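In our numbering, the protein residues as written are 301 to 592.
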Amino acid sequence: MTAIGMIGCGAMGAGMVKNLLAANYTVYVSDPMCKAQKELESLGAHFVSSTKAFAADVRAVFLSLPTLKLLVDSLSGKDGLFAHLSSDTFVFDVGTSDTDTAKNLQQEASAYGVHFLDCPVSGGPAGAQAGTLTVMVGGKKEAYEAALPYLKVIGEEIRYIGSSGAGQTVKLCNNMIVAGMISLLSETMVVAEGQGVEASTLFSVLEASSGHSRAMEVFGENLKDESFDNVLFSLAHMAKDLELYMKLSNQSTTPQPVSSIVSQLYRLALQQKKASLDSTAVYSLIANEVRR
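This is the structure:
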């Protein structure tokens, strides 16, 4: 069977591993903190202490890592994975990083004869479990076309965006829009509640109106119930992505007044120790400011 590596096995990575196993791939996993290790081992996954243990055997590697440093350290340099992979291996970064990092990693991978694609995903843990993620791909088109069989295992909507970094550009734009929607929903909830309209009533009308959005479908229950411990996408990760978007926007002369405010709201939420909560915890910051 064809072997695949997975570096990083949190809520997103674990779902991808299950689908890769179900598709009859041999899967090697590198993540000493993986909470799903026992379950995945029972399904046939092989956990390793070092990525070098599988480097020579795999045809593709997925990375689902929370920080740029972990991503670069895992791949780059003489001790990084690129230097130990066989020629023509595919490397997919399914996390969210910046465009410059994607371009630099693609260039380094090419020097080793390895195909690197930035492949950020949308759909959350539920989409990862179901194999229905939206995958935004940046890199060489020939590599994308050859890699499609692997990507179709984890995603339902696979979109080739353009050259290296293009996938990350679209993902960062997407996450800024989602954070903006969460912030606007939070503000309007507070106003509606102040006028005696319950959040459940507001949302039921929005669902049948032009104010409806995919962000509301995904995050609406957490907002309505103020269940911020139910982490669909952590506030820390959202704040990181918003900072990356703002960095990207600095390459343009287009004013970013709304995005700047949204980014600052999430930065304030981090300051208030909400990093480990769901992204919707920004509601409590907004509500507390209004209720003062």
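Built from N, CA and C at the ideal position, the CB exists for glycine as well.
None of these values were measured; they are calculated from a predicted model.
{"Item": "Taking the beta strand (DSSP E) that Ser262 belongs to, which residues open and close that run?", "Value": "Beyond the ends of the chain as shown, which are 301 and 592, falls residue 262; an answer cannot be given."}
{"Item": "The beta strand (DSSP E) that contains Met306, what's its start and end?", "Value": "Ala303 to Ile307"}
{"Item": "One question on the structure: do His346 and Val358 come within less than 9 angstroms of each other, judged by their Cβ atoms?", "Value": "no"}
{"Item": "Should Phe392 and Val414 be called a contact, given that it needs their Cβ atoms to be closer than 9 angstroms?", "Value": "no"}
{"Item": "Identify every residue that forms a DSSP beta bridge with Phe390.", "Value": "Ala360 and His415"}
{"Item": "Tell me which residues share the same chain as Tyr566 and place their Cβ nearer than 7 angstroms to its Cβ, disregarding the 5 neighbours each side in the sequence.", "Value": "Ala479, Leu535, Met538, Ala539, Leu542 and Val582"}
{"Item": "Compare the beta carbon distance of Gly424 and Gly455 with 9 angstroms and say whether it is the shorter of the two.", "Value": "no"}
{"Item": "Starting from Ser330 and walking both ways along the alpha helix (DSSP H), at which residues does that stretch end?", "Value": "Run containing Ser330: none in the alpha helix (DSSP H); it sits in the beta strand (DSSP E), Thr326 to Ser330."}
{"Item": "Leaving out five residues on either side along the sequence, give the residues of the same chain with a beta carbon under 6 angstroms from the beta carbon of Leu532.", "Value": "Gly424 and Asp578"}
{"Item": "Decide if the stretch 458–478 is in contact with the stretch 488–498; the criterion is three or more beta carbon pairs, one per stretch, under 8 angstroms apart.", "Value": "no"}
{"Item": "Quick one, are the C-beta atoms of Asp373 and Gln468 less than 9 angstroms apart?", "Value": "no"}
{"Item": "Counting Cβ pairs closer than 8 angstroms, one from the stretch 330–339 and one from the stretch 306–316, do we hit at least three?", "Value": "yes"}
{"Item": "Give the DSSP-derived three-state secondary structure of Gly520 in the structure shown.", "Value": "helix"}
{"Item": "In the DSSP assignment, what residue or residues form a beta bridge with Arg459?", "Value": "Met436"}
{"Item": "Please report the distance separating the alpha-carbon of Leu385 from that of Val329.", "Value": "15 angstroms"}
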